[in-house]
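In the UniProt record's numbering, the protein residues as written are 1 to 372.
Every residue gets a Cβ at the ideal spot worked out from N, C-alpha and C, and that includes glycine.
Data first, discussion second: the structure below is written as C-alpha cells.
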C-alpha cells in the first residue's frame with residue numbers, strides 16, 4: 001500500500017511515552033520479574049521495530065509476537081533478544097524457528113512430535129513454551145495428564161527444549177474476579193504436578209500486571225496494551241499508576257466552504273443543514289481505518305469540538321466548523337487540541353468496541369511520525 005506522505009494526515013507516535021510506560025511497569029514489578037514487550041500487530045498499530053526499540057531502551061528483556069513473520073522481522077532488524085511467538089505456528093517451520101532462535105507456543109503433544117520429526121538432522125534446539133488453557137478457550141493443554149505427557153516428551157527430546165510455560169486470563173481487566181480466581185486455581189493445580197519449572201513462567205498480561213501483581217512463582221510478564229498507554233480495562237478499572245498514551249492522529253482542513261439551509265452533505269444525503277454553516281473537508285476516511293461508523297462523532301479544531309457531518313467517505317470526511325477556517329488549519333482526531341482531548345477510548349466508546357481495535361485498525365496508508 002502506498003503511504004500518504006504527501007498529505008497532512010499523520011499518526012504521531014511518542015516513543016518517550018512508551019519508554020515511560022515500560023519503565024514504570026518495571027519499577028512496579030517485584031521479585032526481579034522480567035518484562036517482555038508484546039509488539040504483535042505492528043506494535044498495536046504503533047510500529048513493530050520502533051516500539052520494540054523504545055521498550056528495550058526502557059528495560060524490556062524480550063518480546064512477544066503473534067505470528068512467526070513478526071518475529072523474523074525483529075531478527076532482520078537486528079534484535080537478538082528472546083522472542084516468543086504466542087500463536088500456534090505450523091511445525092513445518094520448526095527448523096526456521098531454530099535457525100532464528102525464536103520460541104514457539106505449543107498446545108499439544110502432536111505438535112511436539114511433528115516438530116521433532118521435522119528437526120531430524122538439524123543442529124540446535126527449538127525453544128518451547130507450553131500453553132495451558134485454564135479458561136480462555138483459545139490454545140493450550142486443558143488436562144493435567146496431557147500437560148504432563150508433553151513435559152515428559154520434552155524431557156527426553158534431543159531437539160526440543162522446555163523453556164517456558166504460560167496461560168492467559170480472560171477477565172483480569174474486570175472488577176468481578178471470580179472467573180480470574182478460577183483460572184488461577186486451575187493453573188496452580190496443573191503446574192503443581194510439574195517435577196520442575198522451566199526458565200520462564202508467565203501468566204501476566206497487562207491487566208494481570210496492573211491489578212493482580214505479584215503472583216507467586218511468576219518470573220516474567222507479557223506487557224502489551226499498557227505499554228502503549230492504553231488502559232486494558234477501558235473505563236471499568238483505573239490503573240495503579242499513570243499510563244501515557246503514545247498515539248495521536250492529526251490532519252488538516254484541505255477545503256473550506258459555507259453551505260446554506262437545505263444543503264446536504266455526503267453520500268446518501270444523510271445530513272441536511274438547517275441553517276447556514278461552515279464546512280471543512282479532511283483527507284482521511286475509512287480506507288485509512290477511520291471507520292465509517294464514526295459518522296456523528298467529532299474532531300477538534302482550535303480547541304473546539306466539530307461534528308462529523310454525514311457519512312465518512314473512503315478518503316475524506318466533512319466537519320461542521322464554528323467559523324471559516326483556512327485550508328491548512330490543524331485538526332485533531334486523536335489526542336489533545338487546546339484544552340480538549342479525544343482518546344482512543346472515546347472512539348472505542350462511540351463504536352462500542354475496545355481501543356485495541358482502533359489502534360490496530362489504522363491503515364499503512366497513514367504516514368507515521370516518531371517523536372522523542
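Query, Result
"Are there any heavy atoms of the ligand SAM lying less than 8 Å away from the beta-carbon of residue 89, as far as the coordinates show?", "Absence of the ligand SAM from the depicted structure is noted, as is the absence of any ligand whatsoever, leaving it without description."
"Using 8 Å for Cβ pairs, my map puts residue 36 next to residue 61. What's the rounded Cβ distance?", "7 Å"
"Mind reading off the beta-carbon distance from residue 226 to residue 21? Whole number of angstroms is fine, and I expect it under 8 Å.", "6 Å"
"If you check the beta carbons only, do residue 71 and residue 360 fall under 9 Å apart?", "no"
"Determine contact between the segment 274-286 and the segment 226-241, defined as no fewer than three beta-carbon pairs at a distance below 8 Å.", "no"
"Is the segment 240-250 touching the segment 10-28 in the sense that three or more CB pairs, one from each, lie closer than 8 Å?", "yes"
"Are the Cβ atoms of residue 202 and residue 140 separated by less than 9 Å?", "no"
"Contact between the segment 252-262 and the segment 218-232: three or more CB pairs below 8 Å?", "no"
"Could you have a look at residue 297 and say whether DSSP puts it in helix, strand or coil?", "coil"
"For residue 311, count the other beta carbons within 10 Å of its own beta carbon; 16 or more makes it buried, fewer makes it exposed. Which is it?", "buried"
"Taking the CB atoms as reference points, tell me whether residue 281 and residue 318 lie closer together than 9 Å.", "yes"
"Can you tell me whether DSSP reads residue 319 as helix, strand or coil?", "strand"
"Should the segment 253-273 be called in touch with the segment 91-104, which here means at least 3 C-beta pairs below 8 Å?", "no"
"Distance check for residue 137 and residue 147, CA to CA, integer angstroms please.", "16 Å"
"Would you say residue 52 and residue 59 are within 9 Å of each other, going by their C-beta atoms?", "no"
"Quick one: using the 10 Å Cβ neighbour count with 16 as the cut-off for buried, is residue 320 buried or exposed?", "buried"
"Classify residue 271 as buried or exposed, calling it buried when 16 or more other Cβ atoms lie within 10 Å of its own Cβ.", "buried"
"Throw me the rounded Cβ distance for the residue 332 and residue 299 pair, which I believe falls under 8 Å.", "6 Å"
"Measuring only the C-alpha atoms, how far is residue 284 from residue 322?", "20 Å"
"Compute the Euclidean distance between the alpha carbons of residue 191 and residue 110, then round it to the nearest angstrom.", "20 Å"
"Please say whether residue 367 and residue 3 have beta carbons closer to each other than 9 Å?", "yes"
"With residue 324 as the anchor, note down where its beta strand (DSSP E) starts and where it stops.", "Per DSSP, residue 324 belongs to no beta strand (DSSP E) and is neither H nor E."
"DSSP three-state label for residue 23, please.", "helix"
"I'd like to check one pair, residue 126 with residue 104: are the Cβ atoms closer than 9 Å?", "yes"
"In chain order, what residues of the same chain have a beta carbon less than 8 Å from the beta carbon of residue 32, not counting five sequence neighbours either side?", "219"
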